[in-house]
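Residue numbers (our numbering), protein chains in the order written: chain C, 1 to 111; chain U, 1001 to 1176. For reference, the structure is listed below as structure tokens.
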């Protein structure tokens, strides 16, 4: 006759709920390795869009300075400092948006 | 053996990761199911727990067993889940109807099914402690680390659960 403890152990073992999804291990490893790669590769920081943003800011700032010193007329419309500032604001908003976007992606993957 | 596997897993060796996950996934799943009483949610919990463990495996210092560390994370996540979703979707006793029994005689079969019923009727905490003690072969100290319960509390829970199961076994033997 088996020991009561052994009977309980055997029954628990036989009654054990098992992972039926055969791809479970593979899925976990795939997710883990892809997260690891993202971390190792500097979170896929998208430098291209940031470089574009910085260039736009610099160009618009340059235009502001040109409009301050020289009068530029396109089809009878005089471009002034205000037009340059509008361009500058758009470029600045773009770069802020891109920074926020990158920040969200990084914090999502580093969780 | 776990120590070697962990060292390989830290370097991202897929074979070591596979062995490590395969070794503990069923026991971890069983622990999560015993708490949340829902297979799908238990799957999410153990997947999440394994990812957490693997992400932090480099920080594992062998101060406790790897399995204890894993079960602690599974246990905590299951409790967190329960706190969020205060709903119990109990496993139907019918799901264990077709399990193999140690003895093929019809009388014994009846005896064991009664015992299974008693096991399934254990309170959630009792089942978790019994399962960790007998199935996962954890010491009281390890169960304390996993569940955060006090040693005396664990002993009382085990005593009560054993009493219920032994009574059932005793009456089974008296019947046969």
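Glycine included, C-beta positions come from ideal geometry on N, C-alpha and C.
Problem set entry | Within chain U, the residues that residue 105/C reaches when beta carbons sit closer than 7 angstroms | Position 105 of the first chain holds residue 105/C. Within 7 angstroms Cβ-Cβ: nothing; residue 105/C doesn't reach chain U, min ~17 angstroms.
Original post:
Hey, does residue 1140/U have any beta-carbon neighbour from chain C nearer than 8 angstroms?
Top reply: In the second chain, counting from the first residue as 1, residue 1140/U sits at position 140. So no, residue 1140/U is outside the interface.
At a Cβ threshold of 8 angstroms, is residue 1129/U touching chain C? Position 129 of the second chain, counting from 1, holds the residue named residue 1129/U. Chain C, which has no Cβ nearer than 8 angstroms to the Cβ of residue 1129/U, makes this no.
### Query
Would you say residue 1073/U faces chain C, with C-beta separation under 8 angstroms as the test?
Here residue 1073/U corresponds to residue number 73 of the second chain, with the count starting at 1. Judged by the 8 angstroms Cβ criterion, residue 1073/U is not in contact with chain C.
If you reduce the DSSP assignment to three classes, tell me which class residue 79/C lands in.
Taking the first residue of the first chain as position 1, residue 79/C is located at position 79. Of the three classes helix, strand and coil, the one that applies to residue 79/C here is strand, per DSSP.
Strictly below 7 angstroms CB to CB, what residues from chain U border residue 77/C? To locate residue 77/C, count along the first chain from 1; it is residue 77. Near residue 77/C there are no residues of chain U at all, since even the closest Cβ is about 58 angstroms away, more than 7 angstroms.
- request: Anything in chain C within Cβ reach of residue 1018/U, meaning under 9 angstroms, just list it in chain order.
  value: As a first step, residue 1018/U must be located in the second chain, where it is residue number 18. Per Cβ cutoff of 9 angstroms: 25, 26, 29.
- Query: What's the gap between the Cα of residue 1019/U and the Cα of residue 1005/U?
  - Reply: Counting from 1 along the second chain, the entry for residue 1019/U is found at position 19. Counting from 1 along the second chain, the entry for residue 1005/U is found at position 5. If I take the Cα positions, the gap works out to 8 angstroms.
Next item on the list: Kindly confirm or deny that the region 49-65 of chain C and the region 85-104 of chain C touch, where touching means at least three C-beta pairs closer than 8 angstroms.
Entry: yes
Q | Distance between residue 1165/U and residue 1050/U (C-alpha atoms, nearest Å) | A | Stepping through the second chain from its first residue, residue 1050/U is reached at position 50. Stepping through the second chain from its first residue, residue 1165/U is reached at position 165. If I take the Cα positions, the gap works out to 32 angstroms.
Helix, strand or coil for residue 73/C? Go by DSSP, reduced to three states.
Here residue 73/C refers to the residue found at position 73 of the first chain. Strand at residue 73/C.
Could one say the Cβ of residue 1081/U lies closer than 8 angstroms to chain C's Cβ atoms, at least one of them? As a working note, residue 1081/U is residue 81 in the second chain. Residue 1081/U does not count as touching chain C.
ask   = When you compare only the Cα positions, how much space is there between residue 1023/U and residue 1067/U?
value = For this step, residue 1023/U is matched to residue 23 along the second chain. For this step, residue 1067/U is matched to residue 67 along the second chain. Those two C-alpha atoms are separated by around 10 angstroms.
May I ask you to report which of helix, strand or coil DSSP gives residue 20/C?
What you label residue 20/C is simply residue 20 of the first chain in a count that begins at 1. It is coil, neither helix nor strand.
**Study point:** Span separating the alpha-carbon of residue 1008/U from that of residue 62/C
**Key:** Position 8 of the second chain holds residue 1008/U. Position 62 of the first chain holds residue 62/C. Cα-Cα distance, rounded: 56 angstroms.
Check your understanding: Listed in chain order, which residues of the region 1051-1065 of chain U have Cβ atoms closer than 8 angstroms to some Cβ of chain C?
Key -> 1051, 1054, 1055
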